[in-house]
Amino acid sequence: MAQPTIPSLSIPALRSGYEQGLFTPREVVNAVYDRIDAYPDKAVWITLAPRARALADAERLVQLRSQSPSSSSSSSSPLLPLYGIPFSVKDSIDVAHYPTTLACPSFAYTPGRTAPAVQKILDAGGIFVGKANLDQFATGLSGCRSPYGTPRCVADGDYVSGGSSSGSAVGVGAGLVSFAVATDTAGSTRVPAALNGVVGLKPTLGTVSTVGLVPACRTADCVTVIAGSVGEVGEVWRVVRGFDEEDVYARRTVPGWKPWPGVGRGIRFGVPPREVLGVLSPEYGRLFGEVVDGLGTKLGLVKREFEYAPFQKANDMLYGSSIVAQRLVAFDDYIAAHGLEKLHPVVRDIFAASSGFDAVRAYKDIFALQGYRREAEKQFRDGIDVLVVPSTVTHFTVAEMEERPIERNKTLGTFTHFVNLLDLCAVQVPAGTWKNAKGNLMPFGVTLIGQAGRDEEMMELGREVMGVTQ
């Protein structure tokens, strides 16, 4: 019997197909694995779930649905909101009985428990496909720091995928899975999502459990969602969010701000100053200018002047202060046992430079950052409702990144490092394309940044921005 055609793995397309009886979860799983087998970039994955295991999971879903009181209605019932939806998990997040490697073979361990955020997806009907590649120890924005290979941009394999959630973004951008569960500390979802033309949601800190995530910088780590549209990241986010008592950084509530005016009702937005935007490549500068113009002429937003200094100062702190020493904390036992010799050379250099801070410097940095948070809060209160930035400043080739890996990696984070440090939420959305020298259309993205708890509002605005830029 011929396999049905499954043209799209988007959540709405799969749900519609299931509801109409066009295909089954088993047939979707086979299509997914056929796509993975055919996709030339094998560096997307570190560990794939066996096809037989995913097929068995699909069969269990069908059986569960057939036994459900709501089975006569719709597969999108509240019982299984992600029924039969294939997804990947970044390999810094635990999935029971699959190795968690952090792209470091000598660090790898096999957990007996699945991270709560991932478990919520499985309980909602999601089908786990595999563990996605990443920059080693989630340290980097380039996607070029893994011994398991370098995932390449879906639009042109000569270009970086971005990181650290490299395999996660490529898997979604290449249509190998419907969505990915990833992480973002300094831009690790927003940058690769932008460079592969997909949507990345970095939720408010403490609203999605980080239990089962090996931390990079624990006070700034965030479990995230990458998908093809704003609606899809929102669907997954509504499944995974919620207070987790086991997570010491979880929040029962987020701050209450003044009411959101709504798109077309005088939303105030700000952009970085001209001298900061001067780092953009010519193509990125042109596209960002078009987005900014469209926010006013097409969506009715009001551009406002504001003080960018606290955002810039916080951005500089991530790797220029004692905050970087947090990267040593999670791996202290590993380093004591193995040293730095087995690490990727670039990661080894970063870790070596992360030591040597004393407690006095650490407290000075903590106090300084708290001051920047208060200053940023004032900007959102008195000046702007949303900060709009290019998700990154240019798109390097792999060869360019390998020439100057630390300097150019830092460049990619020009507009990303401050977001978690200042306790903000953000959504990256595709916002146009540019043509490279080979004639390939390369993706460009912008990030909409709001105060903690403004996740829904940022997604609402992100959907509108995509509507006028695509």
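Numbering (my numbering), first residue to last: 657 to 1126.
Note that CB positions come from ideal geometry on N, CA and C, so glycine has one too.
The model shown is predicted, which means the values in this text are computed figures rather than measured ones.
TODO: Taking only the alpha-carbon atoms, compute the straight-line gap between residue 728 and residue 897 and give it to the nearest angstrom.
DONE: As a position in the sequence shown, residue 728 is number 72, starting the count at 1. As a position in the sequence shown, residue 897 is number 241, starting the count at 1. With a pLDDT of 49 at residue 728, under the threshold of 50, the predicted position of this residue should be treated as unreliable, and no value is reported.
- [ ] Would you decide whether residue 847 is buried or exposed? Buried here means 16 or more other CB atoms lie within 10 Å of its CB.
- [x] Looking up residue 847 in the sequence shown gives position 191. It counts as buried.
- [ ] Measure the alpha-carbon distance for residue 830 versus residue 881 and round it to whole angstroms.
- [x] Residue numbering aside, residue 830 sits at position 174 when the sequence shown is read from its first letter. Residue numbering aside, residue 881 sits at position 225 when the sequence shown is read from its first letter. Going from the Cα of residue 830 to the Cα of residue 881 covers about 16 Å.
Task: Integer Cβ distance of residue 1045 from residue 1103, believed to fall under 8 Å - done: Stepping through the sequence shown from its first residue, residue 1045 is reached at position 389. Stepping through the sequence shown from its first residue, residue 1103 is reached at position 447. Their Cβ separation, rounded to whole angstroms, is 5 Å, which keeps residue 1045 and residue 1103 in contact under 8 Å.
Open item on the list: Counting C-beta neighbours from all protein chains within 10 Å, is the total for residue 692 16 or more, i.e. buried, or is it exposed?
Closed with: As a working note, residue 692 is residue 36 in the sequence shown. Sixteen is the threshold: when 16 or more other Cβ atoms of the shown chains lie within 10 Å of the Cβ of residue 692, as they do, the residue is buried.
- [ ] Go ahead and pull the three-state DSSP assignment for residue 732.
- [x] The residue you call residue 732 lines up with position 76 of the sequence shown. Residue confidence for residue 732 is low, a pLDDT of 44 falling below 50, so the modelled location carries little weight; the figure read from the coordinates is stated next. Residue state, collapsed to three classes: coil.
Task: Contiguous alpha helix (DSSP H) assignments of at least 4 residues, all confined to the region 722 to 807 - done: Listed in chain order, they are 772 to 779.
Open item on the list: Please tell me whether residue 885 and residue 932 are closer than 8 Å, where the distance is taken between their beta carbons.
Closed with: As a working mapping, residue 885 is identified with position 229 in the sequence shown. As a working mapping, residue 932 is identified with position 276 in the sequence shown. Using a Cβ distance threshold of 8 Å, residue 885 and residue 932 do not count as a contacting pair.
Task: chain C within 8 Å of residue 1122, Cβ atoms only - done: Structure shown: chain C not included; a single protein chain is present.
Task: Uninterrupted alpha helix (DSSP H) stretches inside the region 943 to 1018 (no shorter than 4 residues) - done: 965 to 976, 982 to 985, 988 to 994 and 1001 to 1009
Task: Among 974, 951 and 1092, nearest to residue 1043 - alpha-carbon criterion - done: Counted from its first residue, the sequence shown places residue 1043 at position 387. With distances taken between Cα atoms, residue 1043 lies closest to 951.
Task: residue 981 versus residue 1024 - alpha carbon distance - done: On the sequence shown, position 325 is the one that residue 981 refers to. On the sequence shown, position 368 is the one that residue 1024 refers to. For residue 981 and residue 1024, the gap between their C-alpha atoms comes out near 16 Å.
Open item on the list: Please report the distance separating the alpha-carbon of residue 1067 from that of residue 820.
Closed with: Position 411 of the sequence shown, counted from the first residue, corresponds to residue 1067. Position 164 of the sequence shown, counted from the first residue, corresponds to residue 820. The alpha-carbon atoms of residue 1067 and residue 820 are separated by roughly 14 Å.
- [ ] With a threshold of 16 other CB atoms inside 10 Å of the CB of residue 909, please say whether the residue is buried or exposed.
- [x] Stepping through the sequence shown from its first residue, residue 909 is reached at position 253. Burial check for residue 909: the Cβ neighbour count within 10 Å stays below 16, so the residue is exposed.
Open item on the list: I'd like the span of the alpha helix (DSSP H) that includes residue 846, first residue to last.
Closed with: One-based indexing of the sequence shown puts residue 846 at position 190. Its alpha helix (DSSP H) spans residues 846 to 851.
Open item on the list: Buried or exposed, going by whether 16 or more other CB atoms sit within 10 Å of the CB of residue 991?
Closed with: As a first step, residue 991 is located in the sequence shown; it is residue number 335 there, counting from the start. When all chains shown are included, residue 991 counts as exposed.
Task: Beta-carbon proximity check, residue 633 vs residue 806, cutoff 8 Å - done: Because the chain is modelled from 657 through 1126, residue 633 falls outside the range shown and cannot be assessed.
Open item on the list: Taking 6 Å as the limit between beta carbons, can you name the residues of its chain near residue 840, skipping five residues before and five after?
Closed with: Numbered from its first residue, the sequence shown carries residue 840 at position 184. Here the set comprises 858, 878 and 880.
TODO: List the residues that DSSP assigns as beta-bridge partners of residue 1090.
DONE: One-based indexing of the sequence shown puts residue 1090 at position 434. As DSSP reads the structure, residue 1090 sits in a beta bridge with 1098.
Task: Cα-Cα separation between residue 1105 and residue 659, rounded to whole angstroms - done: Locating residue 1105 in the sequence shown gives position 449, counting from the first residue. Locating residue 659 in the sequence shown gives position 3, counting from the first residue. Looking at the two C-alpha atoms, the distance is approximately 43 Å.
Task: Cβ shell of residue 1002 (< 6 Å), same chain only, five flanking positions each side left out - done: Within the sequence shown, numbered from 1, the residue matching residue 1002 stands at position 346. 801 and 1061, listed in sequence order.
Open item on the list: Counting C-beta neighbours from all protein chains within 10 Å, is the total for residue 787 16 or more, i.e. buried, or is it exposed?
Closed with: Residue 787 sits at position 131 when you count from the first residue of the sequence shown. Classification for residue 787: buried.
Task: Beta-carbon proximity check, residue 940 vs residue 1050, cutoff 8 Å - done: For the purposes of this step, residue 940 is identified with residue 284 of the sequence shown, where counting begins at 1. For the purposes of this step, residue 1050 is identified with residue 394 of the sequence shown, where counting begins at 1. Yes. Within cutoff.
Task: Contact set for residue 703: own chain, Cβ-Cβ below 8 Å, skip 5 residues either direction - done: Indexing the sequence shown from 1 puts residue 703 at position 47. Same-chain partners within the cutoff: 747, 754, 755, 757, 786 and 787.
- [ ] Within 10 angstroms of the Cβ of residue 791, are there 16 or more other Cβ atoms? Answer buried if so, exposed if not.
- [x] Position 135 of the sequence shown, counting from 1, holds the residue named residue 791. Residue 791 is buried by the Cβ-count criterion.
Task: According to DSSP, residues forming a beta bridge with residue 679 - done: The sequence position of residue 679 within the sequence shown is 23, counting from 1. Answer is none; residue 679 lacks a bridge partner.
Open item on the list: On the CB-based measure, 16 or more other CB atoms within 10 Å of its CB, does residue 734 come out buried or exposed?
Closed with: Locating residue 734 in the sequence shown gives position 78, where the first residue counts as 1. Below a pLDDT of 50, predicted positions are generally treated as unreliable, and residue 734, at 45, falls in that range; the measurement from the model is reported next regardless. Burial call: exposed.
- [ ] State the DSSP-derived secondary structure class of residue 856, mapped to helix, strand or coil.
- [x] Within the sequence shown, residue 856 is the residue found at index 200, counting from 1. Here residue 856 sits in strand by DSSP.
Open item on the list: Closest to residue 824 by C-alpha separation, out of 738, 929 and 697, would be which residue?
Closed with: Along the sequence shown, read from residue 1 onward, the residue named residue 824 stands at position 168. Considering only alpha carbons, the answer is 697.
Task: Environment of residue 810 [buried if 16+ CB atoms lie within 10 Å] - done: Position 154 of the sequence shown holds residue 810. By the neighbour-count rule (16 or more Cβ atoms within 10 Å), residue 810 is buried.
TODO: Taking only the alpha-carbon atoms, compute the straight-line gap between residue 730 and residue 722 and give it to the nearest angstrom.
DONE: As a working note, residue 730 is residue 74 in the sequence shown. As a working note, residue 722 is residue 66 in the sequence shown. Below a pLDDT of 50, predicted positions are generally treated as unreliable, and residue 730, at 48, falls in that range; the measurement from the model is reported next regardless. Their backbone Cα atoms lie some 11 Å apart in a straight line.
TODO: Assign residue 897 to one of three DSSP states: helix, strand, or coil.
DONE: Within the sequence shown, residue 897 is the residue found at index 241, counting from 1. Looking at residue 897 - three-state DSSP - the assignment turns out to be strand.
Open item on the list: Please return the same chain residues whose Cβ sits closer than 7 Å to the Cβ of residue 957, not counting the five positions on each side in sequence.
Closed with: Your numbering for residue 957 matches position 301 in the sequence shown. Contacts found: 923, 925 and 951.
Open item on the list: I need the straight-line Cα distance from residue 778 to residue 928, nearest angstrom please.
Closed with: In the sequence shown, the residue the question calls residue 778 occupies position 122. In the sequence shown, the residue the question calls residue 928 occupies position 272. For residue 778 and residue 928, the distance between alpha carbons rounds to 40 Å.
Task: Run of the alpha helix (DSSP H) containing residue 1124, from where it starts to where it stops - done: Start at 1 with the first residue of the sequence shown, and residue 1124 comes out as number 468. 1111 to 1125 is the extent of the alpha helix (DSSP H) around residue 1124.
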